[in-house]
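Asker: Just passing along the structure, written as structure tokens.
Residue numbers (my numbering): 1 to 182.
Written as structure tokens, this is what we have:
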């Protein structure tokens, strides 16, 4: 029985580590309803939601703002809480990706894409304490602290409003909604 103990530990690790990571929101998952819930890369989102990739040509981002986003240094972090079921999420994310593609690359600052459920409660590790009411919400963080956010629909184009928050030109809440405090 002793020779099988390492193999048993290996099998337990193969099962338990991903399960614990999934419960903590570290691995992407499909909710029972088919929603994307958890951490995702752009490629994973486009693979899971092919109509989002097809929507890339549906926007006309500002080329100067797009190039300026790619020129920003590493340091800030943008956490995007989105709903795979949400048309605003589809519009804003695909416009941002179109801006990156137009400028010819990916930004040096970190972008974290987190799919949330319809109740906007999961994954709890990413949702709790963020006052998430509408998706998508782009949280701009510097030195571990939120300096601004773009909620639901960007009034000047996601690439322009994100650039303004990342450079410090704007702060606080940016949204086309008129029922949110600035």
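Think of the CB as a built atom: it goes at the ideal place given N, C-alpha and C, for glycine as much as any other residue.
1. Are the beta-carbon atoms belonging to residue 228 and residue 77 less than 7 Å from one another?
2. Hey, would you say residue 102 sits closer than 7 Å to residue 63, going by beta carbons?
3. Taking the beta carbon of residue 41 as the centre, do at least 16 other beta carbons fall within 10 Å, making it buried, or is it exposed?
4. Can you give me the C-alpha to C-alpha distance between residue 81 and residue 114, rounded to a whole angstrom?
5. Answer with buried or exposed for residue 161, where buried requires no fewer than 16 other C-beta atoms within 10 angstroms of its C-beta.
6. For residue 132, which residues in the same chain have their Cβ closer than 8 Å to its Cβ, ignoring the five residues on either side in sequence?
7. Suppose you measure from the CA of residue 48 to the CA of residue 137; what does that come to, to the nearest Å?
8. Would residue 88 pass as a contact of residue 152 if the rule is Cβ separation under 7 Å?
9. By the 10 Å Cβ neighbour count, where 16 or more other Cβ atoms means buried, how is residue 43 classified, buried or exposed?
10. According to the neighbour-count rule (16 or more other Cβ atoms, all chains shown, within 10 Å of its Cβ), is residue 177 buried or exposed?
11. If I measure Cβ to Cβ from residue 66 and keep anything under 8 Å in the same chain, skipping five residues before and after, which residues do I get?
12. Between 97, 68, 72 and 75, which has its C-alpha nearest residue 55's C-alpha?
13. List the endpoints of the continuous alpha helix (DSSP H) containing residue 41.
14. Helix, strand or coil, according to DSSP, for residue 153 in the structure here?
15. Residue 148: which of 156, 155, 174 and 39 sits nearest, CA to CA?
Answerer: Walking through what the data contain:
1. Missing from the structure shown is residue 228; the chain here goes from 1 to 182 and no further.
2. A Cβ-Cβ contact shorter than 7 Å links residue 102 with residue 63.
3. Counting Cβ neighbours within 10 Å, residue 41 comes out exposed, since fewer than 16 surround it.
4. 5 Å
5. So residue 161 ends up on the buried side.
6. 81, 116 and 120
7. 20 Å
8. yes
9. exposed
10. exposed
11. 99, 100, 102, 103 and 159
12. 97
13. Per DSSP, residue 41 lies in no alpha helix (DSSP H) and is assigned neither H nor E.
14. coil
15. For residue 148, the nearest C-alpha among the options comes from 174.
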